[in-house]
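Protein chains in written order, with the numbering used here: chain A, 897 to 1188; chain B, 897 to 1188. From the three backbone atoms N, C-alpha and C, an ideal C-beta is built for every residue, glycine too. Working notes for the structure below.
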């Protein structure tokens, strides 16, 4: 069993990006600039955005945090988005979700310039992805592709079962792995809450992508020997053993499932760290596109 | 075994649309106007476009056929597209594919105003479809959903196997049937040329969508009793028995497979007639959106 080490891979990636930024600097090019819009004081969102800004500093990107009050109106937030679209200094930006309930997330999403949408959530970018055109790939799925590629995990002709059909993980993964190219060319089954006999499907799978959000859902009797498992679940479970009072648990009963796997991502330290690295990569791509 | 009769269903639909057009007329509203751009003299394209224009007349739509010479430049065609985007009299339009080789189809596609893209091929509309937002659904998949709905074929929790991953049928079908809603909520496996053990998958399927383009590919031993089959294949096969010198054959070995089915679409007379009806429906939707 080989661990797909997201921590190490994302470090490698960040180093590569930092080198690239140095090259850009020394040849007099603009360096990538990522902006992050954060509305309100949600604890998890503060952590995520803080971590994104720190990662920008690690690789030498410029970054701007735009922290707006919880009670900002939809119209004011749309104005902020329009300002970011027009700002030539900013290569890409993200609007951290979730937004307060009085704001229509889809409306904000649709207002983001697709060329600056480094999260890859704009329908135009999502459609291009599905139609195999060049575009930004959402960071978490992009990170999974990168892990599979760097560990030379073959996907062509393999049967992949994706569990969970969220717009940010399950759906795009099901599309990406069944596209032409590498990683890709897999036979993909997308499963969800209405799926019957899930374990009969996971038992056939060569590769399983868990993106359900139910801790330790996937048990050893649900998978075959030699399976590759990508665990996207990250649930906080109360724990007395951790100084924080909780631990992060994936969708896989790791202790019992891992011995049957050829490859598996740990949680934490698997898919999670890859996500920020790929956001940086998308921002680098946006910046390069803007230089031309 | 029940035939999913596309001819009858599309006639029903056209009658409903014609009634709606009459209501719109008598209440003084604009009636729907579809334009079709045809480049060159490709025989099949001439037939398709001619049939679309005739269908417009049947339901009382206005229609405009823009027939351009084979040697039109990409720039000139883009100008025509810009003109159609700006023309307030036209609710929706299609650019008949394929285009001559010196023209970049993606470039033309991207230039179409998504609000007039009644084919639903623009990445922005395709992305909205995948993200479960309101949009134009491509006509052939939309027609299949309509057939399933009108015949009350349950899809929720069913295992659907889609064979073929084209951008106009296989890919969108795999997305649509796994979305929330009805028809939808199915477990969907998307298969293609790299799939191994295809018949082991089709043998598990409750519903099979064949969109491969290989005549009589699906044999009786590849399906289980009671399966629902949607056959999107339409291949011309030389035939002495037909006065035309050819017959239209689907991807299913109908004679031997049909007796095992609970429902099956015939070819011709199944999915084919639905496609034009749904193009009309999309144009009606575009027109209604423009009245508001």
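Distance from the CA of residue 1052 (chain B) to the CA of residue 1147 (chain A), rounded to the nearest whole angstrom, comes to 24 Å.
The beta-carbon distance between residue 900 (chain B) and residue 1043 (chain B), rounded to whole angstroms, is 5 Å. This is short enough to meet the 8 Å contact definition.
Distance from the Cα of residue 920 (chain B) is smallest, within the candidate group B:955, B:964 and B:1141, for B:955. Here residue 1023 (chain A) is near residue 1022 (chain B), since their CB atoms are less than 7 Å apart. Boundaries of the alpha helix (DSSP H) harbouring residue 1067 (chain A): 1066 to 1074, taken from the DSSP string. For residue 1051 (chain A), no CB of chain B lies under 7 Å from its own CB, so it is not counted at the interface with that chain. Leaving aside the five residues that flank residue 1075 (chain A) on each side, the residues in its chain whose CB is nearer than 7 Å to its CB run, in chain order, 1028. Along the stretch 1102 to 1132 of chain A, none of the residues has a CB nearer than 9 Å to a CB of chain B. By the Cβ-count criterion, residue 1139 (chain B) is exposed, with fewer than 16 other Cβ atoms from all chains shown falling within 10 Å of its own Cβ.
As computed with DSSP, residue 1091 (chain A) is found in no beta bridge at all. The beta carbon of residue 1056 (chain B) is closer than 6 Å to those of 1073, 1082, 1084 and 1103 in its chain, skipping five residues each way along the sequence. Looking at A:1068, A:1088, A:1091 and A:1080, the one whose alpha-carbon comes closest to that of residue 1089 (chain B) is A:1080.
In the three-state reduction of the DSSP assignment, residue 912 (chain A) falls in the helix class.
Beta bridge pairing from DSSP links residue 990 (chain A) with A:932. Annotation: residue 1161 (chain B) is outside any beta strand (DSSP E) and is labelled neither H nor E by DSSP. At a cut-off of 7 Å between beta-carbon atoms, residue 1026 (chain B) makes contact with chain A.
At a cut-off of 7 Å, the C-beta of residue 1084 (chain A) has a neighbouring C-beta in chain B.
Only those residues of the stretch 1031 to 1042 of chain A whose C-beta falls short of 7 Å from the nearest C-beta of chain B would be listed, and there are none. Close partners of residue 1067 (chain A) in chain B (Cβ separation under 7 Å): 1026. Under a criterion of Cβ atoms nearer than 7 Å, the residues of chain A adjacent to residue 1022 (chain B) are, in order, 1023, 1026 and 1027.
Annotated three-state conformation of residue 1019 (chain B) is helix, per DSSP. For residue 1099 (chain A) against residue 1120 (chain A), the beta-carbon gap comes to about 6 Å, under 8 Å, which counts as contact. Contacts between residue 1061 (chain A) and chain B, judged by CB atoms closer than 9 Å, involve 1074, 1075 and 1076 in chain order.
Three or more beta-carbon pairs separated by less than 8 Å are not found between the stretch 902 to 914 of chain B and the stretch 934 to 948 of chain A, which leaves the two stretches without contact. Legend: CB atoms of the stretch 1086 to 1101 of chain B lying less than 8 Å from CB atoms of chain A belong to residues 1086, 1087, 1088, 1090, 1091, 1092 and 1097. The beta carbon of residue 1174 (chain B) sits closer than 7 Å to the beta carbons of 1035, 1038, 1039 and 1042 from its chain, once the five residues preceding and following it are set aside; these are given in chain order.
Inside the stretch 1029 to 1068 of chain B, DSSP marks whole alpha helix (DSSP H) runs of 4 or more residues at positions 1035 to 1046, from first to last along the chain. Between residue 902 (chain A) and residue 1066 (chain A), the gap from beta carbon to beta carbon reaches 7 Å or more. With distances taken between CA atoms, residue 973 (chain A) lies nearest to A:1007 out of A:952, A:985, A:1007 and A:1015. Judged by DSSP in its simplified three-state form, residue 1152 (chain B) adopts helix. Here residue 976 (chain A) carries a helix assignment [DSSP, helix/strand/coil]. The beta carbon of residue 1018 (chain A) sits closer than 8 Å to those of 1005, 1006, 1008 and 1010, all from its chain and outside the five residues before and after it, given in chain order. According to the DSSP assignment, residue 1187 (chain B) belongs to the alpha helix (DSSP H) that extends over 1167 to 1187. DSSP places residue 962 (chain A) inside the beta strand (DSSP E), whose first and last residues are 958 to 964.
One thing to note: residue 987 (chain A) has its Cβ within 7 Å of the Cβ of residue 1179 (chain A). For the pair residue 931 (chain A) and residue 989 (chain A), the CB atoms are nearer than the 7 Å cut-off.
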